[in-house]
Amino acid sequence: MKTEWTVEEAAAAMAADELVYIDIRSRAEVETGLPAGAWHIPLYDSATTGAMEVNQGFVAEVAALLAASAPRRCAVACAHGVRSRQAVEILRLSGIEIDEVPGGWDGLRDGWGQVLAAGWSHLPLPTEPTPAAARSHAAVLGLLAG
Numbered sequence: 000m001k002t003e004w005t006v007e008e009a010a011a012a013m014a015a016d017e018l019v020y021i022d023i024r025s026r027a028e029v030e031t032g033l034p035a036g037a038w039h040i041p042l043y044d045s046a047t048t049g050a051m052e053v054n055q056g057f058v059a060e061v062a063a064l065l066a067a068s069a070p071r072r073c074a075v076a077c078a079h080g081v082r083s084r085q086a087v088e089i090l091r092l093s094g095i096e097i098d099e100v101p102g103g104w105d106g107l108r109d110g111w112g113q114v115l116a117a118g119w120s121h122l123p124l125p126t127e128p129t130p131a132a133a134r135s136h137a138a139v140l141g142l143l144a145g
């Protein structure tokens, strides 16, 4: 069972409708571009106060999307791999198994900022300028509302 995907593997699996890619970057970050076909569920966001805050509904939102996406695999990704690793741990502690795309949008980086694995934005992969309405955070909140 796969638990980590390179961005190239994720793109191919998305194209084959085998993977649901969840971009967990903030709203401001995804408004600069994101992988084509990605869903948006921020782990941290600044929607209410302007300061970055934990999305308190993150686990429930991911669970709702996973239920709606079954039997496809789902993976989380962020900009560099730090938040996606946090998200995987948070979700697993909540009993949710999920995969990760550590390269995310801007590449997996070491402690000095060196790129260890290319990110989606570095490769000739399909992108969208903003999340599509049907895959936006608001759409995910709609899944929760039923």
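Numbering (numbering that gives the first Met the number 0), first residue to last: 0 to 145. Quick reminder that beta carbons are idealized off the backbone N, C-alpha and C, glycines included.
- In the DSSP assignment, the residues bridged to Trp-38 are Ile-21.
- Beta-bridge annotation (DSSP): Cys-73 is paired with Val-19.
- A residue is called buried when at least 16 other Cβ atoms come within 10 angstroms of its Cβ; Ser-93 does not meet this threshold and is exposed.
- For Ala-138, the enclosing alpha helix (DSSP H) begins and ends at 136 to 144.
- Per DSSP, the unbroken alpha helix (DSSP H) holding Val-29 starts and ends at 26 to 29.
- Secondary structure note for Ala-116: its beta strand (DSSP E) is the uninterrupted segment 114 to 116.
- Taking the CA atoms as reference points, Ala-116 sits about 19 Å from Ile-21.
- Val-53 carries a strand assignment under DSSP once its states are collapsed to helix, strand and coil.
- The beta-carbon distance between Gly-103 and Cys-77, rounded to whole angstroms, is 5 Å. This is short enough to meet the 8 Å contact definition.
- Each residue's CA atom was taken as its position, placing Leu-65 and Ile-89 some 15 Å apart.
- Taking the C-beta atoms as reference points, Arg-84 is found no nearer than 9 Å to Arg-24.
- Counting only the Cα atoms, Pro-41 lies some 7 Å from Arg-26.
- Shown here for Leu-124: same chain residues with a beta carbon closer than 6 Å to its own, the five before and five after excluded, namely Ala-10 in chain order.
- Assignment of Leu-122 by DSSP, reduced to helix, strand and coil, places it in the coil class.
- For Ala-69, the closest alpha carbon among the candidates Arg-108, Gly-80, Ile-97, Val-53 is that of Ile-97.
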